[in-house]
Every structure is written in C-alpha cells, then in structure tokens.
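According to this note's numbering, the sequence shown holds residues 3 to 364 in order.
Positions of the beta carbon are idealized from the N, C-alpha and C atoms, including for glycine.
Owing to the predicted nature of the structure, the values given are computational and were not obtained by experimental measurement.
See structure below.
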Amino acid sequence: MNVGTLLSEINDVIPFDKVESWDNVGLLIGDIQEEVNGIITTLDCTLEVVNEAVEKDCNVIIAHHPLIFKGLKSINEEGYNKIIRLLIKHNINLIAMHTNLDHYEKGVSYYISEKIGLKNPRILLPLKEKYCYLQTYVPKDNAIHLKDALAAAGVGEIGNYKHCFYTTEGTGEFEAQNNANPYVGNIGEVHYEDEMKIEGVLKESLSRIVIKTLIDNHPYETPAYQIMPFEVESNFGTGIFAELEVPLTLYEFAQLVKERLQLDVVKLIGDSKSLVQNVGIIGGSGFDFYQSVKGTNVDVFLTGDIKYHEAHDLLMHQLNTLDISHYSEYVMKDGLKSILELMDLECRVIASEINTDPFQVI
Ligand SMILES: [Zn+2]
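Okay, structure coming up:
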C-alpha cells in the first residue's frame, strides 16, 4: 500500500473535507507514491516523535495537530523547521488529521469518553449539512434524459445511493404569448401536455450547476422548477455527549476523570457538590463552544485550555466545567490506532510512546 492509498482509505471513513475552514489536514510532507512500511500515531509531531518513527522503522506519522499551518518562508534549522527537515532527511511522510478527526463520531472526544468509561456516546453539536430540494416538470418522453443529466450533475445522491428521484405523472398547461417560441402548443392557445413531475435532493453547493444543467437539458424554452434549501444534521460534529451510569457529585466525577485519564491536574469550575450525569466533552480547546454546549442537556462540560476570565464566564453562566488540559487529547493515539487497524491496512500501526505535553506540573 502506498501513501496515496492510505489517504484514500482514511478518507472513506474520516473524510479530510469535514474540517474547519482554518484547518490544514492531509499529507503535509511526503509523497503519495511511497510504500508505507509502518504508521505511528501521535498527538503532536515533535523531534522526539520523528526519532521514534526512525527507530521503529515507520515511514508514516499521523499527527492530530498539524505541524504546518501557515505559509512557510524558509525551511532552515529554526524552530519547527527543524522537524520538517528531520522528516525530509529520513523520508518520513507526515499526515495531519485534525478537525476531521474531531468531527468524526468516533474521534478525539469519543476516545476521551471511552477512557473515562461513559456510556451512550453520541455527537454533542452535530454539523448541519445544507441541501436543496428540487422539483421540476418535463414532457413524459424527456423525463429519462433529464433525470440522467441531473443525476450526472449530482442530484439524487443520498447515502450510498445515486440517481434517487421521485416521479409522478400529471398534466401541465400553459399559453404561449406573442414573443414565445414554444416547444409544443401554439401561440395564444392553452396547451395541455402529459408531463412528469421530477423531485430530488442535491447539496446546496451544487445548486448553480444543477439549474444550468436543468435549463440546458429541458426541451422547454422556459422550464418550470422550484429549488428550496433545507438543513439536515450530519453524522459528524463537534464533541461528544455521554452519560455516567449513576450520578456523581462534580467533585467525585472530577476525581474519576483525573484517575481514568491519568492527568496530573483537573481544574474544577462550578458547584463541586452538584450532581452530574450528562457529560459534554470537547477535546482540546472547546471554550468557544460553551454557549452551544449550555444549550444541550449537559450537567458538566469537559474541555481544555480555559483561561482565567473564561472560567469566570463559565461560573457566571452556571455551566459546571472541568478543565482536563489540552493534552488529554493524547488518548487519540490509541483511538486512531484501533480505527486504522479495523481498516485492514496490512501494515503495522503503532501508538507513539512519547509524551508531548509541553507542561510539567510541579
Ligand atoms: Zn488539540
């Protein structure tokens, strides 16, 4: 298997386009033609992790945090550039799986919920996907041609199916006016035509090309159609909602989280005596989502990187929160390893043993 095949296998399960607009995922350094001899999963791609990959003879590193975010101006021995040079020297391919892994239903927050031992995990804040509903009317004999053209433009794709339409028979009627050039019927006379009504759905992003396709492939001078936007919740989204088997006080739960995630510190914000059972988790830095999280039915919110004034905001909004540090995302190393193993990639997958937490608790 080469790197290109690996990327496409991953993409089938955890698509690289399910990302935040600012993110940078996929193959950041390497060559899609290279044969994969081993994969190492890590939270951060540090110098130590690259050396570990060399020692363990793995020429692919999959990191959660992208090493390259912005445009590079030079690749020298300064700062992060050292890591890039070391990767290239050793011919190691670097893949980033960042917010696409966060948005996956069995992604980073899921692994955190699993490690804590919570039950019934599901997406906390599902992403909304934008679709349009299309209906149009066409003479009976032209219906198949028009549906084929619309399907080729992306109408009627639902789950693992293509060419999904609903068609009903009916009668269209119209009266062509003086400047018209009617396909059927005469100027100034009401014409009745056996027609088919065609209904289908499409991604909103395709709507312009679909309307053009409809007009180009419809026999009428002025085809009638309606296109209406709607949203559906996707299987992807931010964070995980999960439950404790029995309620605990916030203090007891904080102790459980600290022990199960093997953390040096857990910071508690809220009423330590309150009972909690429904848990919202956003691995990494989830503070920006707190108002949406507050709108769910969670008793406690777990995330990292909470600043002093943000903690006051959470107190004022009475959202019990545990700061489990950004590094709690380290659980993705084993989580991603299990997912890759389920893909039957026929190559070794190793979870990095390097602790990449930049903090030491004294
Ligand atoms: Zn992170």
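Nearest-angstrom Cβ-Cβ length linking residue i and residue j, presumed shorter than 8 Å
i: V300; j: V281; result: 6 Å
i: L246; j: Q293; result: That pair is no contact at about 24 Å.
i: V186; j: H193; result: 6 Å
i: I217; j: L263; result: Rounded, the Cβ-Cβ distance is 57 Å, inconsistent with contact.
i: I77; j: I86; result: 5 Å
i: E107; j: N237; result: 6 Å
i: L126; j: G306; result: Actually they are not in contact, since the Cβ atoms of L126 and G306 sit about 15 Å apart, beyond 8 Å.
i: L265; j: S330; result: 6 Å
i: A182; j: H165; result: Rounded, the Cβ-Cβ distance is 33 Å, inconsistent with contact.
i: N219; j: A145; result: Incorrect: roughly 11 Å between the Cβ atoms, too far for contact.
i: C349; j: M99; result: About 17 Å; that fails the 8 Å criterion.
i: E54; j: L347; result: Between L347 and E54 the Cβ distance is about 20 Å, and since that is not below 8 Å, they are no contact.
i: E206; j: K132; result: 4 Å
i: E235; j: P360; result: In fact, because the Cβ distance is near 36 Å, the residues do not count as touching under 8 Å.
Under 8 Å between C-beta atoms of residue i and residue j
i: G156; j: V212; result: yes
i: L45; j: G28; result: no
i: S111; j: I308; result: no
i: T298; j: F243; result: yes
i: L255; j: V295; result: Residue identity check: residue 255 is Phe in the sequence provided, not Leu. Not closer than 8 Å, so no.
i: V351; j: K335; result: no
i: D33; j: V56; result: no
i: L317; j: I271; result: yes
i: G190; j: E177; result: yes
i: M198; j: C134; result: no
i: Q137; j: Y227; result: yes
i: L252; j: N322; result: yes
i: G2; j: H105; result: A question about residue 2 goes unanswered here, because the residues of the chain that appear run from 3 up to 364.
i: N26; j: F71; result: yes
i: G337; j: Y113; result: yes
i: I16; j: I90; result: no
i: L74; j: L49; result: no
Residue i CB to nearest heavy atom of ligand 1 below 7 Å
i: G241; result: no
i: G286; result: yes
i: E131; result: no
i: E22; result: no
i: H220; result: no
i: E312; result: no
i: H66; result: yes
i: H328; result: yes
i: E331; result: yes
Contacting residues, own chain, Cβ-Cβ under 6 Å from residue i (five flanking each side not counted)
i: K130; result: E233
i: Y168; result: E201
i: E22; result: T101
i: L208; result: G156
i: N83; result: I77
i: K269; result: D325
i: Y139; result: G174, E197, K199 and A226
i: P184; result: A178
i: F18; result: V27, G28 and N102
i: V363; result: D266 and V267
i: K20; result: N102, H105 and F238
Spatial neighbours of residue i in its chain, beta-carbon cut-off 8 Å, leaving aside the 5 residues before and after
i: V51; result: I42, T44, I63, A65, S354, I356 and T358
i: E343; result: V351
i: H67; result: L45, D46, C47, A98 and H100
i: N188; result: A178
i: R124; result: E107, I242, F243 and A244
i: M345; result: E11, I12 and V15
CB contact check: residue i to chain C, cutoff 8 Å
i: F176; result: Absent from the structure: chain C. Only one protein chain is present.
Cutoff 7 Å; reference residue i; Cβ partners in own chain excluding five residues on either side
i: C47; result: I63, A65, L69, I85 and L96
i: N61; result: E36, V38, N39, G40, N93, I94 and N95
i: Y310; result: none
i: G109; result: L103
i: E312; result: F289
i: D448; result: Any property of residue 448 remains undetermined from this structure, which presents the chain solely from 3 to 364.
i: G119; result: R262
Requested in this report: Starting from the N-terminal side, write out each stretch of the alpha helix (DSSP H) that is 4 residues or longer and does not extend beyond the region 87 to 139.
Outcome: Entirely contained in the region 87 to 139, the alpha helix (DSSP H) runs reaching 4 residues are, in chain order, 101 to 105 and 110 to 118.
Query raised in the report: Enumerated in chain order, which unbroken segments of the beta strand (DSSP E) with a length of 3 residues or greater are wholly contained in the region 199 to 285?
Result: Listed in chain order, they are 227 to 251, 269 to 271 and 277 to 283.
Query raised in the report: Which ranges would you report for the alpha helix (DSSP H) in the region 331 to 361 if only whole runs of at least 4 residues count?
Result: Secondary structure remark: continuous alpha helix (DSSP H) runs of at least 4 residues inside the region 331 to 361, in chain order: 334 to 344.
Requested in this report: Note down, one range per segment and in chain order, each beta strand (DSSP E) of at least 3 residues found wholly within the region 17 to 43.
Outcome: Qualifying beta strand (DSSP E) stretches, in chain order: 28 to 31.
Query raised in the report: Of all the beta strand (DSSP E) runs that stay within the bounds of the region 290 to 326, which reach a length of 3 or more residues?
Result: Runs of beta strand (DSSP E) with 3 or more residues, each lying fully within the region 290 to 326, are found at 302 to 305 and 323 to 325, listed in chain order.
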